[in-house]
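Going by full-length UniProt numbering, the first residue of the sequence shown is number 1, and it counts up by one from there. Note that beta-carbon positions come from the ideal geometry of N, C-alpha and C, so glycine has one too. Quick caveat: nothing in here was measured; it's all calculated off a predicted structure. I have placed the structure first, in the form of structure tokens, so that the comments after it can refer back to it.
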Amino acid sequence: MTVAVALLQPGWADWEAGPVLALLRRELKVQIEIATPDGEPETSIGGILAASDYRFDDPVLSDADLFIAIGSDAWTEGENKAVTALLRQAFADGKPVAGICAGTTALAHAGLFDGRKHTSNGQEWLAKAVADYPGAEHYVDTPRAVTDGKVVSASGLAPVSFAAAVARLVAPEAEEMLAGFEAMFAREFSSR
């Protein structure tokens, strides 16, 4: 069974976590585990309290198959060395790593955008949050998630394409279902 770890900071963005975690768990039978800075529950921006399975520095996290940094303003307060080390090792081990919204700063701190296409909440925003991060010249200004190898990034306004991009790395054989997932949500905006 695939195990995905959602990295949640205080004030995590519920609308970013919902699509990706639900899609992975319900449709792809991925086991979801939660890590927080201190292993304590964290409350989302919308008031949802998420129980935690691990601390960011828990060594057992390295056994997971996929890592997802969900957006929160707390990511912009500076680098979390434990998360940086975890993401670097996961990437070196060939595991998918994903970040959405301010969660992309964790990937930038880990150097995962070096030589890779990526996106976030804006090129200037990311450069301000993580000054001189490696790979800044590969930033892609797009409203959808960007995948380059096993690294997925997205702005906080792209939770559906982010969910589908992450799921494609877990189950590329599920392309028809994932295309349907994206099309289902796109219907809301196609009837204007």
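So is G71 buried or exposed if we call it buried at 16+ other beta carbons inside 10 Å? Taking the first residue of the sequence shown as position 1, residue 71 is located at position 71. Counting Cβ neighbours within 10 Å, G71 comes out buried, since at least 16 surround it.
Practice item. Would you decide whether E77 is buried or exposed? Buried here means 16 or more other CB atoms lie within 10 Å of its CB. Key: Along the sequence shown, one-based indexing puts residue 77 at 77. When all chains shown are included, E77 counts as exposed.
- prompt: Roughly how far, in whole angstroms, is the beta-carbon of S62 from the beta-carbon of L86, given that I think they are within contact range, below 8 Å?
  reply: Position 62 of the sequence shown holds residue 62. Position 86 of the sequence shown holds residue 86. So it is a contact: roughly 7 Å between Cβ atoms.
Just curious, the beta strand (DSSP E) that Q9 is in, first and last residue?
Mapped onto the sequence shown, residue 9 falls at position 9. Careful: Q9 lies outside any beta strand (DSSP E) and carries neither H nor E.
### Message
Please return the same chain residues whose Cβ sits closer than 6 Å to the Cβ of Y133, not counting the five positions on each side in sequence.
### Response
By one-based count along the sequence shown, residue 133 stands at place 133. The answer, listed in chain order, is A108.
Are there 16 or more other CB atoms within 10 angstroms of the CB of F113, so buried, or fewer, so exposed? Stepping through the sequence shown from its first residue, residue 113 is reached at position 113. The residue is buried, with at least 16 neighbouring Cβ atoms inside 10 Å.
Original post:
Taking the runs of the beta strand (DSSP E) that are 3 residues or longer, which of them lie wholly in the segment 148-189?
Top reply: 151-154
Fill in: Cβ shell of P41 (< 8 Å), same chain only, five flanking positions each side left out
If you number the sequence shown from 1, residue 41 lands on position 41. L49, A50, A51 and S52, listed in sequence order.
*What is the residue span of the alpha helix (DSSP H) that F67 lies within?*
Here residue 67 is taken as the residue at index 67 of the sequence shown, counted from 1. Per DSSP, F67 belongs to no alpha helix (DSSP H); it is in the beta strand (DSSP E), L66 to A69.
By how many angstroms is the C-alpha of A183 removed from the C-alpha of E176?
-> By one-based count along the sequence shown, residue 176 stands at place 176. By one-based count along the sequence shown, residue 183 stands at place 183. Going by the C-alpha atoms only, they are around 11 Å apart.
task: Go through its chain and collect everything with a Cβ distance to G156's Cβ below 7 Å, but skip five positions before and after it.
output: Mapped onto the sequence shown, residue 156 falls at position 156. Here the set comprises A13, E16, G71, I100, C101 and N121.
Since Q31 sits in a beta bridge, which residues does DSSP pair it with? Here residue 31 is taken as the residue at index 31 of the sequence shown, counted from 1. Bridge partners of Q31: V3.
Helix or strand or just coil, what does DSSP make of E42?
Within the sequence shown, residue 42 is the residue found at index 42, counting from 1. Here E42 sits in strand by DSSP.
* To do: Please go through the same chain and pick out, in chain order, the residues whose beta-carbon is closer than 6 Å to the beta-carbon of Q123, but skip the five residues on each side of it.
  => What you label residue 123 is simply residue 123 of the sequence shown in a count that begins at 1. Y139, listed in sequence order.
Item to check | When R144, D148, T142 and P143 are compared against G135, the one with the closest alpha-carbon | outcome: Here the question's residue 135 lines up with position 135 in the sequence shown. Nearest C-alpha to G135: D148.
Self-check item: Nearest to A163 (by Cα), restricted to the options P59, P172, E173 and A145
Solution: Your numbering for residue 163 matches position 163 in the sequence shown. Selected option, being the one with the closest Cα: A145.
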